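Visitor: Residue numbers (the numbering used here): 926 to 1152.
For glycine and all other residues, C-beta sits at the position ideal for the given N, C-alpha and C.
This structure is a prediction, so every number in the text was calculated from the model and none was measured.
Have a look at the structure that comes next, please.
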Amino acid sequence: MANIPAAIKSIEDRAGNVRILTLAPATPLTWLAGQYMHIGVEGYGSRAYSIASLPDDSGLIKFHIRNMGTGLSAHLAQNLKAGDTVGLKGPHGDMNTAAINGRPVLMVAGGTGIAPMLALSHDILTKKLSDQITLVYGARIMADIYCQQELDALSSTGKVTIHIVNDPQTPDLQLRQLQLDLSNHVIYVSGPDPMMLPVHAALADLGADRTRIFCDADMETLQKNIT
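This is how it looks when you write it as structure tokens:
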């Protein structure tokens, strides 16, 4: 699959060293909420980033990029400007809304793992796929919560219950404290690797059906190591 050139339409810097890039692909793209794409820049390689927006008539696509200090993330977060071009490849991933069918939804996110949850939430609410969404969102410190305005908008719908946690509380501990019966939930997980395995263990203990747990690219790899 060839790279699709995409021009940077706009840049928005947020808290927690996060930059939101809005891209205009040269070729129209179709994707599902929850999927991801690879972003590449010559000389810096490429890596997967979850899509933070739904397809619409604008043709634009959004990504949340955390500056990790080196490599591609630093280049995307520090050096690029509006009008510059990156390469896109994809979309990929099976994290989508197909399995909901009115079931309650649980989302567990850490850091920029909130990006696909925003797209999924809007897709679910717009299509009225479920009226019960619980979102557990973890960050290292409260100052790293870079998308409070988006979270407030979701909360204001009355259909999304949000639990924000930070050190020493973690998403897996919050899940155990909520003591939800997850046997009928559709569950989405996205976040840093250290969050994944404890969350997966908590989901299993709370009765989650593994066939209805959907994860981003990193989790797909981690799950293979714990089956």
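1. Would you mind reading off the limits of the beta strand (DSSP E) that contains S975?
2. In whole angstroms, what is the alpha-carbon distance linking G984 and Y961?
3. Between M993, H1110 and T1059, which lies nearest to A1034 when the distance is taken from Cα to Cα?
4. Near P1123, what residues of its chain come up, given a Cβ to Cβ distance below 6 Å and the 5 sequence neighbours on each side ignored?
5. Taking the alpha-carbon of M1067 as reference, which of Q1094, P1119, A932 and G996 has the nearest alpha-carbon?
6. Starting from L1013, follow the alpha helix (DSSP H) in both directions and report where the run begins and ends.
7. I'd like the list of long-range same chain contacts for I1089, defined as Cβ closer than 7 Å, with 5 residues on each side in sequence excluded.
8. Which ranges does the beta strand (DSSP E) cover as unbroken runs of at least 3 residues, wholly within the region 1060–1121, from first to last along the chain?
9. So what does T947 bridge to, in DSSP terms?
10. Give the straight-line distance between the Cα atoms of R972 and H963, rounded to the nearest whole angstrom.
11. Are L997 and R944 touching if we call contact CB-CB under 8 Å?
12. Counting C-beta neighbours from all protein chains within 10 Å, is the total for A1023 16 or more, i.e. buried, or is it exposed?
13. The beta strand (DSSP E) that contains M1042, what's its start and end?
14. How would you write the range of the beta strand (DSSP E) that L997 sits in, first residue to last?
15. Kindly list the residues whose CB is nearer than 7 Å to the CB of P980, restricted to its own chain and excluding five residues on each side of it in sequence; keep chain order.
16. If we call anything under 8 Å between Cβ atoms a contact, is A1127 one with L1100?
17. What number of angstroms, rounded off, separates the C-alpha of N1021 from the C-alpha of G965?
Guide: A quick look at the data gives this:
1. Translated into the one-based positions of the sequence shown, residue 975 becomes position 50. It spans G970 to S975 - the beta strand (DSSP E) in which S975 sits, taken as one unbroken run.
2. Looking up residue 984 in the sequence shown gives position 59. Looking up residue 961 in the sequence shown gives position 36. Distance between the alpha carbons of G984 and Y961 is about 16 Å.
3. Numbered from its first residue, the sequence shown carries residue 1034 at position 109. Comparing alpha-carbon positions, the option among M993, H1110 and T1059 lying closest to A1034 turns out to be T1059.
4. Sequence index remark: in the sequence shown, residue 1123 carries index 198 (1-based). Counting only Cβ-Cβ distances below 6 Å, and skipping sequence neighbours, we find D1097.
5. In the sequence shown, the residue the question calls residue 1067 occupies position 142. Looking only at Q1094, P1119, A932 and G996, the smallest Cα-Cα distance to M1067 is reached by Q1094.
6. Locating residue 1013 in the sequence shown gives position 88, counting from the first residue. Counting along the chain, L1013 falls outside any alpha helix (DSSP H), though it belongs to the beta strand (DSSP E) covering T1010 to H1017.
7. As a position in the sequence shown, residue 1089 is number 164, starting the count at 1. Excluding sequence neighbours, I1089 sits near Y1062 and I1070.
8. You should have 1085–1091 and 1111–1115.
9. Taking the first residue of the sequence shown as 1, we reach residue 947 at position 22. S935 and K987.
10. Numbered from 1 along the sequence shown, position 47 holds the residue referred to as residue 972. Numbered from 1 along the sequence shown, position 38 holds the residue referred to as residue 963. Each residue's Cα considered, the two are about 5 Å apart.
11. Within the sequence shown, residue 997 is the residue found at index 72, counting from 1. Within the sequence shown, residue 944 is the residue found at index 19, counting from 1. In this structure, R944 does not lie closer than 8 Å to L997 by Cβ.
12. As a position in the sequence shown, residue 1023 is number 98, starting the count at 1. Around the beta carbon of A1023, a 10 Å sphere encloses fewer than 16 other beta carbons of the protein chains shown; the residue is thus reported as exposed.
13. Against the sequence shown, residue 1042 aligns to sequence position 117. M1042: not part of any beta strand (DSSP E); member of the alpha helix (DSSP H) spanning I1039 to K1052, first to last residue.
14. The residue you call residue 997 lines up with position 72 of the sequence shown. Not the beta strand (DSSP E): L997 falls in the alpha helix (DSSP H), residues G996 to A999.
15. As a position in the sequence shown, residue 980 is number 55, starting the count at 1. T955 and W956.
16. Your numbering for residue 1127 matches position 202 in the sequence shown. Your numbering for residue 1100 matches position 175 in the sequence shown. Cβ atoms of A1127 and L1100: closer than 8 Å.
17. In the sequence shown, residue 1021 corresponds to position 96, counting from 1. In the sequence shown, residue 965 corresponds to position 40, counting from 1. Whole-angstrom Cα-Cα distance: 24 Å.
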